[in-house]
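Trainee: Got a structure for you, written out below as structure tokens; questions coming shortly.
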């Protein structure tokens, strides 16, 4: 079964659920799965990679390739 059909099947099943505890358990499972997915995106880096990134950041600062917090706040206000 493809993902779209699977999603529709699950939606139909959930629509018929009257047990609040079961719905809460399903919600908690979804929240857990999303958090786990986000955590998996963050892969630990080696000490060498950490140092390389720090050096790149320091070089960017020396070269003026930075923006102020005020600029960030102005830009984020438009999101």
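In the numbering used here, the protein residues as written are 866 to 944. We put the CB at the ideal spot given by N, CA and C, even for glycine.
Rounded to whole angstroms, how far is the Cβ of residue 882 from the Cβ of residue 888, which I believe are closer than 8 Å?
Mentor: Here the question's residue 882 lines up with position 17 in the chain shown. Here the question's residue 888 lines up with position 23 in the chain shown. That pair is a contact at about 6 Å.
Trainee: Any beta carbon of chain C sitting closer than 8 Å to that of residue 881?
Mentor: Absence of chain C from the displayed structure is noted, only one protein chain being present.
Trainee: DSSP on residue 867, reduced to helix/strand/coil?
Mentor: On the chain shown, position 2 is the one that residue 867 refers to. In the structure shown, residue 867 sits in coil (DSSP, three-state: anything other than H, G, I, E or B).
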